[in-house]
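Numbering (our numbering), first residue to last: 130 to 402.
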């Protein structure tokens, strides 16, 4: 097992283990899915809000969910989790065989569309305890077995939270949205320009053109400047530590953040303390 992160992927099932505090380099979940924590805890960082989930929690993530993810091992055990992804192709086949009685769009009324939610349930405990045995399996599992386990997972999800069909059975692509509002809400996530374009309902070329017209800067340069200005505010005005702030504003490491900060302002972030 490596000191940083030891992922083991079984097609749509992903096992993760890390022995040190670890910030995920990816800030977007491209498919609907659930994650179960075996040990340690994980913190989701959205804007200035933090949600921490612990061993025994099962978390649901919506497709295109944006958050910075910080994994923390337990005192006596590494962080361990397993994620199961419900891909769009799987869900389309699933709901063709298990159609919902009511239109998803109609049933959305009055239903919470939180990007992440958490469950504690004995059905999940039993399911994930059995699934943990596959973490040490040396060879690839058959597609049939994978499909059985993913179908079992979605069956449990729908049993616990019937309203989840509102999210899982809706297959429309993102429409064109207000670019300025989106960027000011999501600038601190480490997401490729191609994905930002998709999430705002634009091609990459249209995204870059609209962005330059609106902000008068290329996207990557604007993102760096915006993140650093926010970091400066958090350190100087809210007295937060650079070691905490760099995660909130979307930098992958403290060293990278410190170098960029000094280049922008002419002094190290530690001098603001």
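Idealized CB from N, CA, C, for every residue including glycine.
Exposed or buried, residue i, counting other C-beta atoms within 10 Å across all chains shown (16 or more means buried)?
i           : result
residue 257 : buried
residue 332 : exposed
residue 197 : buried
residue 306 : exposed
residue 226 : exposed
residue 347 : exposed
residue 228 : exposed
residue 235 : With a pLDDT of 46 at residue 235, under the threshold of 50, the modelled position of this residue cannot be trusted; read the value that follows with caution. Looking at its Cβ environment, which holds fewer than 16 other Cβ atoms inside 10 Å, residue 235 is exposed.
residue 408 : The structure shown does not extend to residue 408, since the chain spans only 130 to 402, so no value can be given for it.
residue 164 : buried
residue 395 : exposed
residue 282 : buried
residue 400 : exposed
residue 278 : buried
residue 273 : exposed
residue 366 : exposed
residue 218 : exposed
residue 141 : buried
residue 220 : buried
residue 352 : buried
Taking the DSSP output, what are the residues bridged to residue i?
i           : result
residue 162 : 190 and 214
residue 208 : 147
residue 200 : 151 and 171
residue 179 : 174
residue 246 : 189
residue 283 : Bridge partners of residue 283: none, in fact.
residue 195 : 157
Here's a check: name, in chain order, each residue in its chain whose Cβ is nearer than 6 Å to the Cβ of residue i, leaving out the five neighbours to either side.
i           : result
residue 320 : 156 and 157
residue 252 : 285
residue 304 : 330
residue 337 : none
residue 363 : 369 and 374
Spatial neighbours of residue i within its chain, please: CB distance less than 8 Å, with the 5 preceding and 5 following residues excluded, ordered by chain position.
i           : result
residue 383 : 371, 372 and 375
residue 254 : 185
residue 262 : none
residue 289 : 248, 250, 252 and 253
For residue i, which residues in the same chain have their Cβ closer than 7 Å to its Cβ, ignoring the five residues on either side in sequence?
i           : result
residue 182 : 166, 170, 171, 188 and 247
residue 162 : 190, 212, 213, 214 and 215
residue 174 : 196, 197, 199, 376 and 377
residue 361 : 394
residue 323 : 333
Continuous alpha helix (DSSP H) assignments of at least 4 residues falling wholly in the segment 298-384: 308-315, 322-328, 333-344, 348-365 and 371-377
Meets three-Cβ-pair contact criterion under 8 Å: the segment 285-298 and the segment 321-329: no
Validate contact between the segment 335-347 and the segment 296-304 using beta carbons, cut 8 Å, 3 pairs: Judged by Cβ distances under 8 Å, the segment 335-347 makes no contact with the segment 296-304, as fewer than three pairs qualify.
Touch test, the segment 210-224 against the segment 385-395, Cβ-Cβ under 8 Å, three pairs minimum: Pairwise C-beta distances place the segment 210-224 out of contact with the segment 385-395, as fewer than three of them are shorter than 8 Å.
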